[in-house]
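Numbering (the UniProt record's numbering), first residue to last: 1 to 930. Beta carbons are placed, not taken as given, at the ideal position from N, Cα and C, and that holds for glycine. Since the structure is predicted, the reported quantities are computational estimates derived from the model, not experimental observations. Reviewing the structure listed below.
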Amino acid sequence: MHTLLPPAPVECAAYVAAEQAGRLRAEEALAAAEARIVALEAQLVATTTQLDTLRAQARIPEQNISPILQTDAHGTLLWANAAGTALLRAHATLPQRLQTLAASALEQPLQKLMVGERHYLLVVDASTSNDSRVTYYLTDVTTILQAKQALVEQQLFYETILMEVPAGVVVFDVEHRYLFVNPAVEPDPVRRQQMLGRTSREVCQMRQRSEEVIEQREQAFAEAINNRRESVWEEQVIDQATGKPQHWLRRSWAIAGPDGTVRMIVSSGLNITERKEAEEAVARQREFYESILNLLPVDVAVFDNEHRFLFTNPSSISNAQVRQQILGMTSDEYFAFRGRSTELAQERKERFQEALETHADVLWEETMQTTTGPKRILRHLRPVISATGNLQMVVGSGIDITARYAAEERQRQAEARMREQEAFIRLIVDSLPSVIYVKNIRNEVVFRNAAFDEMAARSQHMLPADEQTAVVQQQLRQIYRLGQQVMLSQKSLTTEISLEMTSGEACILQTYMHPLPQSDKGSELLIVSTDITALKKAQQEAEDNARAKEAFLARMSHEIRTPLNGVLGMAALLEKTSLTSQQYEYLTTMQRAGQHLLALVNDVLDMAKITADHLELDQAAFSLEMLLEAAVETVAPLAAEKGLQLTVLPPNDRPVPRLLGDAYRLRQVVLNLLSNAIKFTERGSIQLGVAILADTGTAQTLRFWVADTGIGIDPERQEAIFGTFTQASAETSRRFGGTGLGLAISEQLVRYMGGTLILSSLPNQGTTFSFVLTLPLAEDAAATGQAAEQPATVGYPELHSVRVLLAEDNMVNQWLATVMLEHWGVLVYAVGNGLDALSQLQENDYDAAILDIQMPGLSGVEVTEAIRQCANKRRATVPVIALTANAFEADRVSYLAAGMDACLTKPFEEDDLCRLLVQLITSRSAEGAA
């Protein structure tokens with residue numbers, strides 16, 4: 001060992017420095033060595049760890065439970081772990097299948113493989129080394145797939161339940177948005193899809209739910225989230241399809257996750273409408289039965305098998321507090337509580353025991369003493385037995401029959417009075433001369449009066465069938481048939497029946513048949529027959545007298561009109577000659593007298609027609625304006641002569657369309673009223689007015705009136721003013737003259753036209769006659785008739801050279817007609833009897849024939865009927881005018897029916913005859929041209 005001596009100071013310093021440097025280098029070298037050692041140790045540890053890891057990794061494939069196989073590029077197995085070896089033992093062809101799958105490994109790194117019944121996921125690792133090894137990693141996913149399938153099936157199971165469950169189920173998120181809706185809530189899948197993602201409010205508004213429902217659901221949702229408990233409520237909504245209310249029981253509850261946070265809200269709804277309706281029905285039924293029991297005027301009580309009260313109604317005990325107190329009491333306790341008779345209590349106990357033992361109804365009457373007197377009660381006990389035969393309860397009732405006893409007594413008295421009344425009515429019915437009887441549905445007489453028996457004794461209808469004549473049997477069948485008609489129709493019938501009497505005479509009965517419905521839904525027949533044989537005989541005599549009167553009037557009319565025709569005709573011809581003023585005055589007087597006589601004859605005939613009810617009204621179009629003008633023009637000269645002011649008030653200052661009606665009769669009424677007004681008015685004015693009261697578009701209602709300032713009529717005479725041949729007084733008749741027929745005819749004509757002639761008058765203050773008529777509007781005046789007035793004609797050139805046969809046995813009238821016609825150029829061939837007329841018509845051609853009705857040899861009707869049978873068509877169709885003094889409408893109709901073309905009544909005007917000839921000849925010419 002060397003000892004180091006300290007160097008010199010300089011050397012020492014250098015030495016020290018060198019020493020320090022050397023020491024530093026040594027320390028650095030040592031540190032580096034130590035660092036290398038540490039690094040080597042760390043490397044050794046890392047190497048050891050890596051070795052352990054490699055060793056462990058080397059053991060992983062072998063120990064892996066999943067099969068691992070390795071093959072060369074040709075598919076030859078090079079290595080397999082234990083799981084792979086086991087798999088190969090079961091499936092030797094697996095390497096070939098794997099090699100096939102390896103080809104698509106680049107496009108499909110992960111492939112599915114089915115080996116036996118197991119499912120695997122295959123991963124192929126193709127090595128890039130030179131040996132081209134391929135490693136196959138198989139993972140068994142059978143359990144996973146089975147778990148997934150089970151999960152899917154479970155999900156489908158629950159979803160199916162939710163979709164099929166009849167209750168509505170929805171799921172909301174925490175923001176109250178729909179996540180799931182089942183069909184019970186919304187059957188339409190499109191609408192269900194539309195609901196998803198929307199809030200409850202949006203869906204409610206979309207489904208037209210009320211704001212109350214929306215707020216109720218939002219409140220329940222908030223409670224479910226905040227309180228974490230189930231929220232239950234009932235809800236009423238309106239079904240949009242039916243418009244009816246539906247009741248729902250709804251529940252909402254929160255579903256929380258593992259961390260306790262609410263994840264969703266499940267809500268269910270059950271339609272409880274039927275339950276609600278059932279509950280309401282039960283409640284109504286309970287209320288109904290309780291109301292009935294409480295309102296019944298019958299005592300009702302229910303007992304158990306120990307005779308304890310279970311129920312009482314107000315009729316038995318009116319005090320509700322007492323009714324409550326006695327519940328549970330026995331009958332003895334109740335009677336003691338109410339202070340009732342012990343004998344009455346004992347009787348009720350015995351009756352109750354009888355009901356218990358017999359299981360049958362028990363009925364008895366009970367008398368109770370009250371402050372108003374004895375009270376009779378009908379008691380009834382009914383045991384209620386179950387299906388097993390056990391007694392459930394006993395229902396008791398009590399009916400106050402005090403009033404019934406009194407009613408029965410009154411009934412007995414009423415029946416006695418009814419028997420007396422029936423006897424009285426029977427006496428009256430038997431006293432009636434009419435035959436009264438009642439038959440049942442079997443045609444049996446169940447009631448009859450004395451007149452029936454009397455008639456039966458005189459009639460052949462009660463004889464045995466083999467003794468009845470054919471006429472009697474026919475009459476019986478008629479009576480039976482009429483009775484059946486009334487029974488079937490249940491409508492009354494009035495008719496006349498003829499019966500053969502045993503005396504051989506016929507009895508005419510006016511018979512009234514009336515159905516009598518019975519309580520058993522059957523019916524009986526009441527027949528009332530009155531002998532009107534004498535009445536019919538008197539009626540026939542009256543009709544014969546009327547016909548004789550009518551024939552007499554017709555004859556008298558004919559006898560008057562025939563010479564009157566000559567008088568007026570001659571006056572008309574004379575008027576055409578040159579006359580002095582004095583001669584013209586005489587002529588005018590003669591014409592007025594003739595016209596007055598004609599008016600009297602017409603009035604008498606009109607009254608005869610009205611009396612015989614033979615008056616017929618025409619329905620033709622006419623102008624009301626022209627009718628009024630014509631009426632005024634007719635009487636204007638008379639008014640002017642007396643200095644009277646005659647005014648016409650038109651209908652409401654507006655034109656009236658053409659109307660349908662009998663213009664001639666309406667004008668006749670107006671003329672009669674105007675003539676009367678002028679006759680009985682010395683000074684002042686006459687007013688004719690018409691007003692439209694209503695216009696329906698198809699008819700007009702018109703008011704006509706004639707007002708004067710004349711002498712007036714006393715009130716006591718006004719009722720008789722419309723009588724036939726009646727005037728206000730004898731003084732009036734002497735002073736003013738007249739027949740008194742005008743107003744009677746006018747009143748009847750107005751009645752025929754559907755109105756009523758009304759009189760308003762005071763003495764010395766004038767008179768007003770008025771009437772109201774409703775007349776249809778004429779649709780086509782040209783088609784429906786002629787106007788009321790024909791325009792005046794200045795000449796008849798159409799008659800020039802016309803050949804006319806005139807047959808008239810009265811020489812004056814024959815000459816008159818000849819002169820009138822020849823004045824217009826007519827070629828007249830006159831004969832004096834019917835035979836000559838027929839001969840002329842058969843042998844010669846005429847343009848027209850004028851035939852008097854009553855002629856020697858053949859009448860005008862007989863001549864017409866004969867010529868219509870002529871073989872020569874032209875002669876057979878010659879126009880024929882009936883010239884007659886018969887003024888009845890029935891005569892005119894019969895002439896036209898016999899083949900005549902027109903009718904002209906004597907006395908006739910020249911214009912009337914000429915116009916009629918022109919019309920017939922023109923019409924015939926037009927038909928010939930056609």
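For residue i, three-class secondary structure by DSSP
i            : result
A860         : The question names Ala, but residue 860 in the sequence shown is Gly. Residue state, collapsed to three classes: helix.
G661         : strand
E524         : strand
K642         : coil
K461         : Here residue 461 turns out to be His, not Lys, going by the sequence shown. H461: helix per DSSP, three-state reduction.
A788         : Legend: pLDDT at A788 = 41, less than 50; position of this residue unreliable, value from coordinates given subsequently. A788: coil per DSSP, three-state reduction.
M368         : strand
Q510         : strand
A450         : helix
Q236         : strand
Q246         : strand
K536         : helix
L113         : strand
residue 1009 : Residue 1009 falls outside the range modelled here, since the chain spans only 1 to 930, and no answer is possible.
D361         : coil
Boundaries (first-last residue) of the alpha helix (DSSP H) holding residue i
i           : result
V190        : P189 to M195
P95         : L94 to A102
Q208        : That residue, Q208, is in no alpha helix (DSSP H); it is neither H nor E in DSSP.
I272        : First-last for I272: undefined, no H or E at that position.
E408        : T402 to S431
F680        : It is not in any alpha helix (DSSP H) - F680 carries neither H nor E in the DSSP assignment.
residue 994 : Outside the shown range of the chain (1 to 930) lies residue 994, about which nothing can therefore be said.
Enclosing beta strand (DSSP E) for residue i [first to last residue]
i    : result
Y136 : V134 to D140
L702 : A699 to D708
A691 : S685 to D695
R118 : R118 to A126
I385 : G373 to I385
T71  : I68 to T71
Distance, residue j Cα to residue i Cα
i    : j    : result
D662 : D618 : 5 Å
V266 : M329 : 55 Å
D173 : T261 : 12 Å
T71  : V141 : 23 Å
A848 : G832 : 17 Å
A778 : V656 : 11 Å
E731 : G755 : At E731 the pLDDT is 46, less than 50, meaning the model places this residue with poor confidence and gives no usable figure here.
R507 : T533 : Checking the sequence shown, residue 507 turns out to be Cys, not Arg. Approximately 6 Å, taken between the alpha carbons.
A783 : L659 : Confidence in A783 is poor, its pLDDT being 38 and thus under 50, which makes the residue's placement unreliable; the coordinate value appears in the next sentence. Distance between the alpha carbons of A783 and L659 is about 13 Å.
T388 : E234 : 41 Å
A470 : S434 : 26 Å
R97  : A147 : 27 Å
A301 : Y289 : 14 Å
A126 : L151 : 36 Å
G373 : Y405 : 14 Å
A241 : L162 : 24 Å
K276 : H247 : 7 Å
G398 : S523 : 40 Å
I745 : T698 : 29 Å
8 Å Cβ cutoff met for residue i and residue j
i           : j    : result
residue 931 : A572 : An answer regarding residue 931 cannot be provided, because it is not within the stretch 1 to 930 covered by the chain.
I921        : V828 : no
L646        : I711 : no
F704        : V690 : yes
P517        : L525 : no
L356        : L310 : no
K375        : H307 : no
S315        : D299 : yes
I401        : L381 : no
Any non-hydrogen atom of the ligand NAD closer than 7 Å to residue i Cβ
i    : result
R410 : This structure lacks the ligand NAD; in fact it carries no ligand of any kind.
Residue-level contact to chain D via CB, residue i, 8 Å cutoff
i    : result
S581 : The chain labelled as chain D is not found in the depicted structure, where only one protein chain is given.
Mind listing, in chain order, the continuous beta strand (DSSP E) runs of no fewer than 3 residues lying wholly within the UniProt domain "Response regulatory" (803-921)? 803-807, 827-831, 848-852, 880-884 and 902-905
Whole beta strand (DSSP E) runs in the stretch 463-506 with 3 or more residues, listed along the chain? 493-500
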